[in-house]
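Presented below is the structure to which this report refers.
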Amino acid sequence: MSTKTGSIILDGNPSGDPDVAIVLKMVKFLRETRIEKGLTLRDLTEEMGVSYSHLSRAERGLSQPGLVVLLRWCRALDFPFGHLWEIASED
Numbered sequence: 001m002s003t004k005t006g007s008i009i010l011d012g013n014p015s016g017d018p019d020v021a022i023v024l025k026m027v028k029f030l031r032e033t034r035i036e037k038g039l040t041l042r043d044l045t046e047e048m049g050v051s052y053s054h055l056s057r058a059e060r061g062l063s064q065p066g067l068v069v070l071l072r073w074c075r076a077l078d079f080p081f082g083h084l085w086e087i088a089s090e091d
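Once you know that position 57 of the sequence shown is 57 in the UniProt record's numbering, the rest is easy, because the numbers rise by one and skip nothing.
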């Protein structure tokens with residue numbers, strides 16, 4: 001079962017899949033970066049060209065974004081994808 005804090009699901013990976021864990025770390029970092037930059041979810045989705053509901057579900061751990069969405073997310077936040085991969089891959 002997932003535990004919620006605000007709108008973030010803390011355990012969106014009940015199976016413990018290591019690949020899903022990496023994606024969830026990426027999403028968590030990108031969400032924190034968006035907030036630090038003072039961007040709303042609506043601002044970001046308009047910049048990325050994806051739907052609000054799609055990104056909102058990803059930020060809440062209800063779905064995992066694909067590679068294209070992650071690349072657009074990084075580009076919209078002016079953050080190198082390679083660096084995101086390094087951060088998410090660390091234990």
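Backbone N, C-alpha and C fix where the C-beta goes; we use that ideal spot for every residue, glycine too.
Among residues of its own chain, excluding the 5 on either side of residue i, which ones have a beta-carbon nearer than 7 Å to its beta-carbon?
i	result
Arg42	Tyr52
Leu71	Phe81
Arg57	Ser63
Near residue i, which residues of its chain fall below 8 Å by C-beta distance, leaving aside the five closest residues on each side in sequence?
i	result
Ala88	Ile22, Val23, Lys25, Met26 and Phe29
Ser15	none
Cys74	Leu30, Pro80, Phe81 and Leu84
Val69	Met48, Val50, His54, Leu55 and Ala58
With residue i as the anchor, note down where its alpha helix (DSSP H) starts and where it stops.
i	result
Val50	Premise fails: Val50 is in no alpha helix (DSSP H) and is neither H nor E.
Arg34	Pro18 to Glu36
Glu82	Note on identity: in this sequence residue 82 is Gly, with Glu being the wrong assignment. Looking at the DSSP string, the run of the alpha helix (DSSP H) that includes Gly82 is Phe81 to Ser89.
Leu71	Leu67 to Ala76
Looking at residue j and residue i, is the spacing between their C-beta atoms short of 8 Å?
i	j	result
Leu55	Leu62	no
Leu77	Thr33	yes
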